[in-house]
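**Q**
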Amino acid sequence: MAPGGIPGVARNCWAGALIVAIALRTHRAHYGFLTCSSLLSEHFLLQEKSECHYTNGMQQVRYLKRLIWGQQEICYYDSDLGFSVACTELGRPIAEYWNRLEWLSYLWASVEKFCSYNYRRFKNITVGRRVKPRVKISTLKAESSHRPSLLVCSATGFYPSEIATKWFKNGQEETAGVVSRELLHNGDWTFQTQVMLETKPKRGDIYTCQVEHVSLQTPITMQWVAQPDSAKSKMFIGIGGFVVGLIFMVLGLLVYQKNKKDKTFPR
2 MAPGGIPGVA RNCWAGALIV AIALRTHRAH YGFLTCSSLL SEHFLLQEKS ECHYTNGMQQ
62 VRYLKRLIWG QQEICYYDSD LGFSVACTEL GRPIAEYWNR LEWLSYLWAS VEKFCSYNYR
122 RFKNITVGRR VKPRVKISTL KAESSHRPSL LVCSATGFYP SEIATKWFKN GQEETAGVVS
182 RELLHNGDWT FQTQVMLETK PKRGDIYTCQ VEHVSLQTPI TMQWVAQPDS AKSKMFIGIG
242 GFVVGLIFMV LGLLVYQKNK KDKTFPR
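Just so we're on the same page, my numbering is the position in the sequence shown counted from 1, plus 1.
#1: In whole angstroms, give me the CA-to-CA distance for residue 121 and residue 191.
#2: Less than 8 angstroms between the C-beta atoms of residue 223 and residue 137, yes or no?
#3: Considering residue 122, what are the terminal residues of the alpha helix (DSSP H) in which it resides?
#4: When you compare each of 209, 74, 72 and 171 to residue 139 by their alpha carbons, which one comes out closest?
#5: Quick one, which of 67, 102, 126 and 226 has its alpha-carbon nearest residue 204's?
#6: Measuring alpha carbon to alpha carbon, tell me which of 160, 73, 176 and 188 ends up nearest residue 91.
#7: Locate the alpha helix (DSSP H) running through residue 103, then write down its first and last residues.
#8: Secondary structure at residue 75, three-state DSSP: helix, strand or coil?
#9: Just reading off the alpha helix (DSSP H) that residue 204 is part of, what are its end residues?
#10: Helix, strand or coil for residue 241, going by three-state DSSP, please let me know.
#11: Excluding the 5 residues preceding and the 5 following residue 160 in the sequence, name in chain order all residues of the same chain whose CB lies nearer than 8 angstroms to its CB.
#12: With distances taken Cα to Cα, identify the nearest neighbour of residue 322 among 155, 77 and 207.
#13: Helix, strand or coil: which one does DSSP assign to residue 33?
#14: Is residue 163 helix, strand or coil by DSSP?
#15: If you follow the alpha helix (DSSP H) that residue 135 is in, where does it begin and where does it stop?
#16: Evaluate contact between the stretch 69-86 and the stretch 97-107, counting only Cβ atoms and requiring at least three cross-stretch pairs below 8 angstroms.
#17: Out of curiosity, what's the CA-to-CA distance linking residue 113 and residue 89?
#18: At which residues does the beta strand (DSSP E) containing residue 126 begin and terminate?
#19: Count the other C-beta atoms from every protein chain shown that fall within 10 angstroms of the C-beta of residue 115, then say buried if there are 16 or more, exposed otherwise.
#20: Measuring alpha carbon to alpha carbon, tell me which of 135, 172 and 105 ends up nearest residue 158.
#21: Apart from the five residues just before and just after residue 165, which ones in its own chain have a Cβ nearer than 6 angstroms to its Cβ?
#22: With DSSP collapsed to three states, give me the class of residue 45.
#23: Using the rule of at least 16 other Cβ atoms within 10 Å of the residue's Cβ for burial, across every protein chain shown, is residue 39 buried or exposed?
#24: Going by DSSP, what residue range makes up the alpha helix (DSSP H) through residue 99?
#25: Among 46, 45 and 67, which has the Cα closest to the Cα of residue 53?
#26: Do you know whose CA, among 162, 168, 199 and 197, lies nearest residue 185's CA?
#27: Could you name the residues of the same chain whose beta carbon sits closer than 7 angstroms to that of residue 22, not counting the 5 residues immediately before and after it, in chain order?
#28: Which residues in the same chain have their Cβ closer than 7 angstroms to the Cβ of residue 63, if we skip the five residues on either side of it in sequence?
#29: Would you list the one or two residues that DSSP bridges to residue 150?
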C-alpha cells in the first residue's frame, strides 16, 4: 500500500466489487474549515472525491470520502472504519473536524443516503447495462513459410468489460501460442479486445473462436478454415474467369440488340 493510502483500495479492490465514483467536486485552494489555507499555492487544486464500492449488488457497501491536495491525498473517511484518517500533517485538522460527532453522523448516513440511493437510481444504466460483442476473425500471414501464421479474433463494442475468448483447432482448445491484447475503452461505455493465435495451419484445419459474455445466452462462435495457397489461387482464377465471361456475355447481348433494331428499322 502506498504511504498514506487507504487500506484495501490503493493496491486492489475487493474481488468482484463494482466501483462507482459518483461524485467529484473540484475547488480552488479553499475549504470552509481549512485553517492553514494561507500555506496553499494558488496553482494547486483541492479535490473532494466521494466513492461507493459495491460487492454483490448492495450486499456490502463501502463509502469513501477523500480529500486530495495537488496530487497527494491528505485525509479520507472510510465507512468500514467509521471515522476519518489524516494522511499528512496538512490533512490532520480536516480529519479532526470530520471526526466531530455532528459531522460523523452525516458521514455514517452517507452509505444509505448517498451510495444505496444512487445504486438504485443508476442500476439499470450501469450495473444492468448489457451490450453484445461483435466478433470477427482476421489473418496475418507470416513472411516466411517456416514461421507460424497469426489468427486474430476481435471482439468489439461490448459492455460490461468482462469477456472470455477461446481458440479451438479441430474441436480441441488451443492454449499454447495464445496471446491476449490489453482491454481497450472505446470512450462510449463499450470495450474491445483481441486474442491472437500463433499456428501453422494445414489444409482442412478448422479454427474456431469462441466468445462468452454476460450479454449472450449462448457463446458466439466464428470459424476459419485453412486453405493452401494453390487452392486460393485456383479460386481467384475461377472468379476472374467468371467475371470476364460475364462481361463478354453482356457485350454480346448489347451487340445483338443493336443489330436487331437496325434490321427492324432500315434506313
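Every residue, glycine too, gets a C-beta built ideally from N, C-alpha and C.
All values derive from a computational prediction rather than experimental measurement.
**A** If we stick to the structure as given:
#1: If you take the alpha carbons of residue 121 and residue 191, they lie about 22 angstroms apart.
#2: yes
#3: Residue 122 -> alpha helix (DSSP H) spans 118-123.
#4: 209
#5: Relative to the Cα of residue 204, the nearest Cα in the group 67, 102, 126 and 226 belongs to 226.
#6: 73
#7: 102-111
#8: strand
#9: Premise fails: residue 204 is in no alpha helix (DSSP H) and is neither H nor E.
#10: helix
#11: If we look at residue 160 and ignore the five residues flanking it on each side, its Cβ neighbours are 130, 131, 132, 190, 191, 192 and 216.
#12: Past the edges of the chain, shown from 2 to 268, lies residue 322, and the structure says nothing about it.
#13: Model confidence at residue 33 stands at a pLDDT of 44, short of 50, so the residue's coordinates are unreliable; what they give is reported in the following sentence. Residue 33: coil per DSSP, three-state reduction.
#14: Here residue 163 sits in coil by DSSP.
#15: That residue, residue 135, is in no alpha helix (DSSP H); its beta strand (DSSP E) goes 135-141.
#16: yes
#17: 29 angstroms
#18: That residue, residue 126, is in no beta strand (DSSP E); it is neither H nor E in DSSP.
#19: buried
#20: 135
#21: By the criterion of a C-beta distance shorter than 6 angstroms, residue 165 is surrounded in its chain by 213, once the five residues flanking it on both sides are discounted.
#22: coil
#23: Since pLDDT at residue 39 reaches only 45, below the 50 mark, its modelled position is unreliable, and no value is offered.
#24: 93-99
#25: 67
#26: Nearest option by C-alpha distance: 162.
#27: Below a pLDDT of 50, predicted positions are generally treated as unreliable, and residue 22, at 41, falls in that range; no measurement from the model is reported.
#28: Same-chain partners within the cutoff: 54, 80 and 81.
#29: 200
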